[in-house]
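J.: Mapping of the sequence shown onto numbering that gives the first Met the number 0: position 218 corresponds to residue 217, and the numbering continues sequentially without gaps.
Note that beta-carbon positions come from the ideal geometry of N, C-alpha and C, so glycine has one too.
A single structure is presented below for examination.
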Amino acid sequence: MNHYPKLTIVVPCYNEEEVLPDTMKQLAEVLESLANSNLIREDSTLLFVDDGSRDRTWEIIETASAQNPHVKGVKLSRNAGHQNALLAGLSVASERSDCVISIDADLQDDIRVIRTFVEKYWQGYDIVYGVRDSRKTDTWFKRTTAEGFYWVMGKLGIQLIPNHADFRLMSKRALEELLNYKETNLFLRGIIPLLGFPSAKVYYDRKERLAGESKYPLKKMLAFALDGITSFSIAPIRFVTALGFITFILSAVVGIYAIVQELMGRTVSGWTSLILSIWLLGGLELMAVGLIGEYIGKIFKEVKRRPRYTIETNLYKTSRSSFASR
Ligand code: UDP
Ligand code: MG
């Protein structure tokens, strides 16, 4: 009995009252069927992380955990963002699980492959990535921007698993290694492939959201992409430096040309070139300053060493009888 792994499924939830009851039911069924097949331990758990929701999400989690010993919850004191909420769940789960699966609350990811994840774990894989077979449920816009994102990241030498979001299994030792990465801005999808360890991919079809709407509007998507790039690479800085260097050489050529023209008495009014250079250089400089600022901002955030999230209530630690907070 003891060698069966204890699995925790971590689900970050932000204003998910519409989907949560259904999600809980479906995931509980998955756990039960896995336990019945002797793939995981009986006391495997669902861990819902309430990421500072403003709707009834926490009420639903609390009620469910009072009724079902397999349902646990962690409430964050404020909205810490998807990645941080996930991390909070992973770190709480790591203490008492042999392996952990993360999945979104909207069940866009196919829960039937959770069984395959666990089978891969049994075969000795430490990390199992869920990879989307197609992106047909995405809008054209999301598909194209995602492709662009993977392309840019690839060019910068950042190895990502294309079409893999945060639906994956991790073993305890991989998870503990991950939790050693203390940077405030943790880009999970970039870090996890860096951990090494035997890993496998499982393909599945991603569905439409069960209900409710996406919590990733364009603004958050862009911030996420920029974060991903600047957390991993200083290539953009190099690019700007190179651009500045080329501009400098060019300006020397233009300068000589201008002086020659002047000496030959062929002074032109010069308005066009003046305006052009002001705008060109102004643009370049602003871009460079902005980019450098981006990295300084990162340093600024990192040196503060602020907690990534704050746990307000942790129902995972408690036995069924009490409700202690951290
Ligand atoms: N989420 C979260 N905190 C946030 C935003 C989102 O915990 O600030 C959760 C959300 O509840 C969901 C998951 O992150 O479980 C993915 O969000 P969503 O499904 O809205 O993103 P999409 O699938 O549209 O990219
Ligand atoms: Mg979703």
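#1: Is it the case that the Cβ atoms of P11 and L85 are separated by a distance below 7 angstroms?
#2: Kindly provide the ranges of any beta strand (DSSP E) runs that are 3 or more residues long and lie completely inside the region 183-217, ordered along the chain.
#3: Going by CA-CA distance only, name the one from F47, S93, L193 and Y149 that's closest to P4.
#4: Alpha carbon to alpha carbon, how far is V239 from V127? Give it in angstroms, no decimals.
#5: Does DSSP classify I8 as helix, strand or coil?
#6: I think S76 touches T309, with their Cβ atoms under 8 angstroms apart; what is that distance to the nearest whole Å?
#7: Would you say the beta carbon of Q351 comes nearer than 6 angstroms to a heavy atom of the ligand MG?
#8: Could you compute how far the alpha carbon of L178 sits from the alpha carbon of S90?
#9: If distances are taken between C-alpha atoms only, which option among K300, K71 and I59 comes closest to N313?
#10: Should F116 go down as buried or exposed, given a rule of 16 or more other Cβ atoms within 10 Å for buried?
#11: Write down the C-beta distance between S101 and V29 rounded to the nearest angstrom, noting that I regard them as a contact closer than 8 angstroms.
#12: Tell me whether D103, by its Cβ, gets closer than 6 angstroms to a heavy atom of the ligand MG.
#13: From D105, I110 and M169, pick the residue whose C-alpha is nearest to that of K119; which is it?
#14: Within 10 Å of its beta-carbon, does G227 have 16 or more other beta-carbons around it, so buried, or fewer, so exposed?
#15: Tell me whether N14 is buried or exposed, calling it buried when 16 or more other Cβ atoms sit within 10 Å of its Cβ.
T.: Checking against the coordinates, here is how it stands:
#1: yes
#2: 198-203
#3: S93
#4: 37 angstroms
#5: strand
#6: 4 angstroms
#7: The first residue shown for the chain is 0 and the last is 325, placing residue 351 beyond what the model contains.
#8: 7 angstroms
#9: K71
#10: buried
#11: About 14 angstroms separates the two Cβ atoms, so there is no contact after all.
#12: yes
#13: M169
#14: buried
#15: buried
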